[in-house]
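Colleague:
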Amino acid sequence: MFEKSFDCVEFQRKVREEAMKEANYDIKTLIEQVNERLKNNDLNNFLIERKEKEKQVDTV
Numbered sequence: 459m460f461e462k463s464f465d466c467v468e469f470q471r472k473v474r475e476e477a478m479k480e481a482n483y484d485i486k487t488l489i490e491q492v493n494e495r496l497k498n499n500d501l502n503n504f505l506i507e508r509k510e511k512e513k514q515v516d517t518v
């Protein structure tokens with residue numbers, strides 16, 4: 459029988475629970491924290507820049 463070494467669902471639950479704890483279980487605080495993290499996320503910034511460049515190419 460195959461034994462899981464990584465449970466994605468359990469991992470996601472733990473991440474969500476930790477995020478809610480950091481936000482003191484306040485949804486508005488959670489949203490603010492997520493938005494702040496996105497501003498500092500290299501991958502997110504790269505994707506935003508790429509999308510903007512694609513828009514510029516499409517308009518030319």
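For the sequence shown, this note's numbering assigns the number 459 to the initial residue and increments by one for each residue that follows. Idealized CB from N, CA, C, for every residue including glycine.
Please decide whether C466 counts as near chain C, where near means a Cβ-Cβ distance under 8 Å.
Modeller: No chain C appears in this structure, which consists of one protein chain only.
Colleague: List the endpoints of the continuous alpha helix (DSSP H) containing D484.
Modeller: Taken as a continuous stretch (DSSP letters only), D484 belongs to no alpha helix (DSSP H), as it is neither H nor E.
Colleague: Is the Cβ-Cβ distance between A481 and Q491 less than 8 Å?
Modeller: For A481 and Q491, yes; Cβs fall inside 8 Å.
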